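S.K.: First to last, the protein sequences are chains A and B. Numbers 8 to 368, taken from the numbering used here, label the letters of the first sequence in order. Numbers 61 to 347, taken from the numbering used here, label the letters of the second sequence in order. Backbone N, C-alpha and C fix where the C-beta goes; we use that ideal spot for every residue, glycine too. It should be emphasised that the depicted structure is a prediction, and the values quoted were computed from it without experimental measurement. Sharing a structure below in structure tokens format, with a few things to ask.
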Amino acid sequence: MARIDLQKIAHAYRPHPSKPADYALKPMDHVWEDGGAYALLGPSGCGKSTLLNVISGLLRPSEGRVLFDRRDVTDLPTKERNIAQVFQFPVIYDTMTVFENLAFPLRNRGFGREQVSARVNEVAEMLELTPVLHKRAQNLTADAKQTISLGRGLVRSDVTAILFDEPLTVIDPHLKWLLRRKLKQIHEQYKLTLVYVTHDQNEALTFADKVVVMNDGEVLQLGTPQELFERPAHTFIGHFIGSPGMNFLACELDGAHAVTSGERIALLPGLAERARQRGGRMEIGVRPEFLRLRNEAGDGTLAVKIASVRDLGNFKIVGVRLGEHLLNVKVAEDQDLPAEQAHLGFTAEMTRLYANGVLVG
Amino acid sequence: MNKIQNNKAWLLVIPVFVIVAFSAIIPLMTVVNYSVQDIFGPGQRVFIGTEWFKEVLLDERLHDALWRQLLFSALVLLIEIPLGILIALALPTRGWSVSLFLIILALPLLIPWNVIGFIWIVFARPDIGLAGKTINDLLSIDYNFTSNAFDAWITVLIMDVWHWTPLVVLLCYAGLRAIPDAYYQAASIDGASKWAVFRYIQLPKMREVLTIAVLLRFMDSFLIYAEPFVLTGGGPGNSTTFLSQFLTKMAIGQFDLGPAAAFSLIYFLIVLLFSWLFYTAITHISQ
Chain A
8 MARIDLQKIA HAYRPHPSKP ADYALKPMDH VWEDGGAYAL LGPSGCGKST LLNVISGLLR
68 PSEGRVLFDR RDVTDLPTKE RNIAQVFQFP VIYDTMTVFE NLAFPLRNRG FGREQVSARV
128 NEVAEMLELT PVLHKRAQNL TADAKQTISL GRGLVRSDVT AILFDEPLTV IDPHLKWLLR
188 RKLKQIHEQY KLTLVYVTHD QNEALTFADK VVVMNDGEVL QLGTPQELFE RPAHTFIGHF
248 IGSPGMNFLA CELDGAHAVT SGERIALLPG LAERARQRGG RMEIGVRPEF LRLRNEAGDG
308 TLAVKIASVR DLGNFKIVGV RLGEHLLNVK VAEDQDLPAE QAHLGFTAEM TRLYANGVLV
368 G
Chain B
61 MNKIQNNKAW LLVIPVFVIV AFSAIIPLMT VVNYSVQDIF GPGQRVFIGT EWFKEVLLDE
121 RLHDALWRQL LFSALVLLIE IPLGILIALA LPTRGWSVSL FLIILALPLL IPWNVIGFIW
181 IVFARPDIGL AGKTINDLLS IDYNFTSNAF DAWITVLIMD VWHWTPLVVL LCYAGLRAIP
241 DAYYQAASID GASKWAVFRY IQLPKMREVL TIAVLLRFMD SFLIYAEPFV LTGGGPGNST
301 TFLSQFLTKM AIGQFDLGPA AAFSLIYFLI VLLFSWLFYT AITHISQ
């Protein structure tokens, strides 16, 4: 297990990058702690897999250094980095049995017969592969094949980190949930450093201690699931995480208030001042979970019109119209709603301000 | 639902029957017809049953030709398959050089077979040939493929390797390119050596193209005719007379249509038997 340092890492697939758009991975600086479970979250093509391959050494970054436990490994090939990686689609050695597949990474490194067999049996037990251990891997289902791929990632107990590149894409939803839990348990038990690439926010938020949100080759935020939810550093994260995503309203600043569609919304003290120093296009962002919908006007509430109601089982998503803006509000399933006119309450502590898309802290 | 029971569907199969009949069965039947009769001339024939088959099967010259043929095909496979795999592994995988190499490799496949024989006569002649003269003069090895049986054998073999290894290379190359990158990445994560990558990824993934390559190379080499016919004419003596040339001598040279027909059928069955053996062996190897 090890700590991973990424020092000014950047990567371009074409030589001589000159403008930011040439980079698949824009310059970044990060330290990932030993024993952490990290998720790399972002839409397809945002550079997650590129970053993962830079860590595993399948790709040499065009700029910057990669350090494992303060040792520079930038120029080391994958084989010598002592990394395990599981890919999106199952990779199986067709001619081998399940046992031989799991033993392959150990045998290649010259482990003794007893060690190999003990470790393989342990991993097989963990992933419930024991019944098929001596069958040919080629004839198993896609699920089982991917489980074997996972097993090959877990079989070495001395790896620096285990990297997962959307490993559960081909697995059916029920088993997906089980395997995710299993990985989580394994992580808690062995304190491995795990890096998990996914474009599925649920997967990222349930799996990881720390989530790294990426877009367009850039890391936008590295934080706990709670931080991403409560204080998204960028409007992109507000949209991307949460279902439905954060509401954003273009606004102007007036004193300590934000003004949108002629309505005044209270902000935390000092926030408007800091935003003015930053300058740029202002938006307020507020999660549907932190808005209150009332039947009667109250202190600081705004009059809105109800446009739509979607009942999602244990809660409702109400679409309300505030001037030209449409906002989503999450309300309890049993809350009585007025037919049209309602009143919307903001909480200053949970109302964020963004200048040019970036959070004003 | 009432199912209509009739045999109209057979009508749809008739075109296939007709085509197969004209392309294979009827010509083959004429051979069968010859093989069981002794024909003296037009309208003069005697039914003699299996006599030609007995005669042909006991013919010493045919046994020699058959062993020669088996040795030749075995050597062809032993050289061309591994060599083809090695060259395919060594070829570049991307860039403009890919097309260049593939075109250069494919050139021998485009040359008519009898022309290949002629090219090699000119190339190997000890008095004027580039290869023949070099071997004799510069390496001081006495080489003459028209008078020495061993030299003739080597020459025919090298000619076949030169002519047909590119086919094996192209098939293997296609097989190799079809392997997803993730396999190589996983292997490098798993710490696999080059040999392990070949043994556990590349070779198993090439199984299907290798089946085709082995079958094609076996059949073609077992039926080889034009190139040795032009190059050595089957000589010196009978040393490079392979089965098809033996057959041609019998059927056209001596006009022994009966024995030639009987031998054709035996020849056909041998090819069929070996192809089936190879196919079964290769497809069962991995189960």
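Below 8 Å between beta carbons: does that hold for A/I313 and A/L351?
M.R.: As a position in the first sequence, residue 313 of chain A is number 306, starting the count at 1. As a position in the first sequence, residue 351 of chain A is number 344, starting the count at 1. The answer is no: Cβ separation not under 8 Å.
S.K.: Which residue from B/A322, B/A321 and B/I164 puts its Cα closest to that of B/L227?
M.R.: By one-based count along the second sequence, residue 227 of chain B stands at place 167. With distances taken between Cα atoms, B/L227 lies closest to B/I164.
S.K.: Counting pairs of Cβ atoms below 8 Å between the segment 217-228 of chain A and the segment 239-257 of chain A, do you hit three or more?
M.R.: Touching, yes.
S.K.: Whole angstroms are fine: how far does the CA of A/L48 sit from the CA of A/W39?
M.R.: Position 32 of the first sequence, counted from the start, is the residue given in the question as residue 39 of chain A. Position 41 of the first sequence, counted from the start, is the residue given in the question as residue 48 of chain A. Rounded to whole angstroms, A/W39 to A/L48 spans 15 Å at the Cα level.
S.K.: Take the Cβ of B/Q245 as the centre, count every other Cβ of all protein chains shown within 10 Å, and call the residue buried at 16 or more, exposed below.
M.R.: Locating residue 245 of chain B in the second sequence gives position 185, counting from the first residue. So B/Q245 ends up on the buried side.
S.K.: Leaving out the 5 sequence neighbours to the left and right, which residues in its chain are closer than 6 Å to B/L138 when beta-carbon positions are compared?
M.R.: Here the question's residue 138 of chain B lines up with position 78 in the second sequence. So the list is empty, once near-sequence residues are dropped.
S.K.: Assuming A/E234 is part of the alpha helix (DSSP H), what are its boundary residues?
M.R.: Here residue 234 of chain A refers to the residue found at position 227 of the first sequence. Start and end: P232 to E237.
S.K.: Take B/G177 and list the residues in its own chain whose beta-carbon comes closer than 8 Å to its own, dropping the five residues that flank it on each side.
M.R.: Indexing the second sequence from 1 puts residue 177 of chain B at position 117. M219, A286, E287, P288, F289, V290 and L291, listed in sequence order.
S.K.: Tell me A/M35's beta-bridge partners as DSSP assigns them.
M.R.: Residue mapping note: residue 35 of chain A aligns to position 28 of the first sequence, counting from 1. Answer is A/I16, bridged to A/M35.
S.K.: Which bits of chain B does A/A91 rub up against, with CB to CB less than 9 Å?
M.R.: For the purposes of this step, residue 91 of chain A is identified with residue 84 of the first sequence, where counting begins at 1. Result: I249 and D250.
S.K.: Grab me the residues of A/L74's own chain with a C-beta within less than 6 Å of its C-beta, minus the 5 sequence neighbours each way, in chain order.
M.R.: Along the first sequence, read from residue 1 onward, the residue named residue 74 of chain A stands at position 67. These residues qualify, in order along the chain: D12.
S.K.: Does A/Q196 pass the burial test, meaning 16 or more other C-beta atoms within 10 Å, or should it be called exposed?
M.R.: Residue 196 of chain A sits at position 189 when you count from the first residue of the first sequence. Burial call: exposed.
S.K.: If you drop the 5 nearest sequence neighbours on each side, which residues of the same chain put their C-beta closer than 8 Å to that of B/D343?
M.R.: Translated into the one-based positions of the second sequence, residue 343 of chain B becomes position 283. Sequence inspection shows Thr at residue 343 of chain B; the Asp mentioned does not correspond to that position. So the qualifying residues of the chain are T271.
S.K.: State yes or no: is the beta carbon of B/Y203 nearer than 8 Å to at least one beta carbon in chain A?
M.R.: Within the second sequence, the letter at position 143 stands for residue 203 of chain B. With 8 Å as the cut-off, B/Y203 does not count as an interface residue toward chain A.
S.K.: Any beta carbon of chain A sitting closer than 8 Å to that of B/I261?
M.R.: Here residue 261 of chain B refers to the residue found at position 201 of the second sequence. At least one chain A Cβ lies under 8 Å of B/I261.
S.K.: Which two residues bound the contiguous alpha helix (DSSP H) that contains A/G292?
M.R.: Locating residue 292 of chain A in the first sequence gives position 285, where the first residue counts as 1. Not the alpha helix (DSSP H): A/G292 falls in the beta strand (DSSP E), residues M289 to V293.
S.K.: Report the start-end ranges of each alpha helix (DSSP H) in the segment 99-123 of chain B that is 4 residues or longer and not cut off at the edges.
M.R.: Counting whole runs of 4 or more residues, the segment 99-123 of chain B contains the alpha helix (DSSP H) stretches 111-117.
S.K.: Quick test of your reading: A/H241 and A/Q233, contact by CB under 8 Å. State the CB separation rounded to the nearest angstrom.
M.R.: Counting from 1 along the first sequence, the entry for residue 241 of chain A is found at position 234. Counting from 1 along the first sequence, the entry for residue 233 of chain A is found at position 226. Actually they do not touch by this definition, with Cβ atoms about 17 Å apart.
S.K.: Taking A/A355 as the reference, which of A/A279, A/Q122 and A/E135 has the closest Cα?
M.R.: Translated into positions along the first sequence, residue 355 of chain A becomes position 348. Minimum Cα distance to A/A355 is reached at A/A279.
S.K.: Using 10 angstroms around the beta-carbon of A/Q122, count the other beta-carbons present and answer buried if the total reaches 16, otherwise exposed.
M.R.: Position 115 of the first sequence, counted from the start, is the residue given in the question as residue 122 of chain A. Exposed, by the Cβ-count rule.
S.K.: Is B/Y327 near the ligand SAH, going by C-beta to nearest heavy atom under 7 Å?
M.R.: Judged by which ligands are present, the structure shown has none, so any question about the ligand SAH falls away.
S.K.: Taking 8 Å as the threshold (C-beta atoms), are B/L230 and B/A150 in contact?
M.R.: Within the second sequence, residue 150 of chain B is the residue found at index 90, counting from 1. Within the second sequence, residue 230 of chain B is the residue found at index 170, counting from 1. The answer is no: Cβ separation not under 8 Å.
S.K.: If I measure Cβ to Cβ from A/L140 and keep anything under 6 Å in the same chain, skipping five residues before and after, which residues do I get?
M.R.: Along the first sequence, one-based indexing puts residue 140 of chain A at 133. Answer for A/L140: V105, F106 and A131, listed in chain order.
S.K.: Just the Cα atoms here: how many angstroms apart are A/G71 and A/V204?
M.R.: As a first step, residue 71 of chain A is located in the first sequence; it is residue number 64 there, counting from the start. As a first step, residue 204 of chain A is located in the first sequence; it is residue number 197 there, counting from the start. Rounded to the nearest angstrom, the two C-alpha atoms are 21 Å apart.
S.K.: Please classify B/V106 as buried or exposed, where buried requires at least 16 neighbouring CB atoms within 10 angstroms.
M.R.: Numbered from its first residue, the second sequence carries residue 106 of chain B at position 46. So B/V106 counts as exposed.
S.K.: Residues of chain B with CB under 9 Å from A/R271, in chain order?
M.R.: Within the first sequence, numbered from 1, the residue matching residue 271 of chain A stands at position 264. Here the premise fails: no neighbours, minimum Cβ distance about 56 Å.
S.K.: Would A/H18 and A/S69 qualify as a contact pair, given that the criterion is a beta-carbon distance under 8 Å?
M.R.: In the first sequence, the residue the question calls residue 18 of chain A occupies position 11. In the first sequence, the residue the question calls residue 69 of chain A occupies position 62. Their beta carbons are under 8 Å apart, which means A/H18 touches A/S69 by this criterion.
S.K.: For A/G158, which residues in the same chain have their Cβ closer than 6 Å to its Cβ, ignoring the five residues on either side in sequence?
M.R.: What you label residue 158 of chain A is simply residue 151 of the first sequence in a count that begins at 1. Hits under 6 Å: L109, V130 and L134.
S.K.: Would you tell me roughly how many angstroms separate the C-alpha atoms of A/K55 and A/H37, rounded to the nearest one?
M.R.: In the first sequence, counting from the first residue as 1, residue 55 of chain A sits at position 48. In the first sequence, counting from the first residue as 1, residue 37 of chain A sits at position 30. Cα to Cα, the separation comes out at about 14 Å.
S.K.: Name the DSSP beta bridge partners of A/T104, please?
M.R.: As a working note, residue 104 of chain A is residue 97 in the first sequence. Answer by DSSP bridge pairing, in chain order: A/R143.
S.K.: Just reading off the alpha helix (DSSP H) that A/S156 is part of, what are its end residues?
M.R.: Position 149 of the first sequence, counting from 1, holds the residue named residue 156 of chain A. Where A/S156 is concerned, the enclosing alpha helix (DSSP H) stretches over A149 to L161.
S.K.: Check whether the Cβ atoms of A/L309 and A/L329 lie closer than 8 Å to each other.
M.R.: In the first sequence, counting from the first residue as 1, residue 309 of chain A sits at position 302. In the first sequence, counting from the first residue as 1, residue 329 of chain A sits at position 322. Yes; because the gap between Cβ atoms is below 8 Å, this pair is in contact.
S.K.: Exposed or buried, which one is A/H23 when buried takes at least 16 other CB atoms within 10 Å?
M.R.: Taking the first residue of the first sequence as 1, we reach residue 23 of chain A at position 16. It is exposed - the Cβ of A/H23 has fewer than 16 other Cβ atoms within 10 Å.
S.K.: At a CB-CB cut-off below 9 Å, which residues of chain A make contact with B/P226?
M.R.: Indexing the second sequence from 1 puts residue 226 of chain B at position 166. Under the 9 Å cutoff, chain A gives no residues; its nearest Cβ is about 27 Å from B/P226.
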